[in-house]
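Read through the structure below, which is laid out as structure tokens, and then see the notes.
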Amino acid sequence: MILLFKERPPGRNEVLTARHGGEALLICERRAGPIHLLLTDVVMPQMSGKEFAERLRQIRQDFKVLYMSGYTDNSIQLRGVLEPEIHFLQKPFTPSAIVRKVREVLDRDQGD
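Counted the way our numbering counts, the sequence shown spans residues 4 to 115.
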């Protein structure tokens with residue numbers, strides 16, 4: 004599953020969901036206005052989360068990426084996701100942990 008966040012007034016975010024990368028690309032192509040955050044699993048059907056983020060960058064540049072996975076660090080490193088500038092959330096996580104991480108990613112580097 005892929006979640007795309009569009010920030011609204013404080014405490015309110017619009018969340019768009021897709022079952023796989025192909026569906027998410029269609030949503031993003033048709034979507035007017037910015038998408039502030041892409042939350043994607045590293046391993047998905049049809050394409051990896053990293054591949055999806057790279058393909059989405061070809062269409063729009065207005066988003067940050069937060070990857071998540073239940074796989075071990077070694078598996079994730081082999082997919083090229085665990086690099087210093089990459090935002091990552093290990094599964095399983097609590098609702099408060101995901102809220103905190105999403106806020107951290109959105110608040111970081113506001114000047115971008």
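Beta carbons are placed, not taken as given, at the ideal position from N, Cα and C, and that holds for glycine.
Note that the structure is a prediction, hence the values are computed from the model and not measured.
Here Thr-20 is exposed: its Cβ has fewer than 16 other Cβ atoms, across all protein chains shown, within 10 Å. Ranking Ser-99, Gly-52, Lys-67, Glu-107 by CA distance to the CA of Gly-25 puts Gly-52 first. The straight-line gap separating the alpha-carbon atoms of Arg-34 and Arg-63 is approximately 10 Å.
Counting every other CB atom within 10 Å of its CB across the protein chains shown gives Ser-72 a total of 16 or more, marking it as buried. For Gln-49, same chain residues with a beta-carbon under 7 Å away, outside a window of 5 residues either side, are His-23, Gly-24, Gly-25 in chain order.
For Gln-93, the enclosing beta strand (DSSP E) begins and ends at 90 to 93. Contact between Leu-41 and Leu-59 holds: CB atoms are separated by about 7 Å, below the 8 Å threshold.
Boundaries of the beta strand (DSSP E) around Ser-72: 67 to 72.
Excluding five sequence positions before and after Ile-89, the CB atoms of its chain that fall closer than 7 Å to its own CB belong to Tyr-70, given in chain order.
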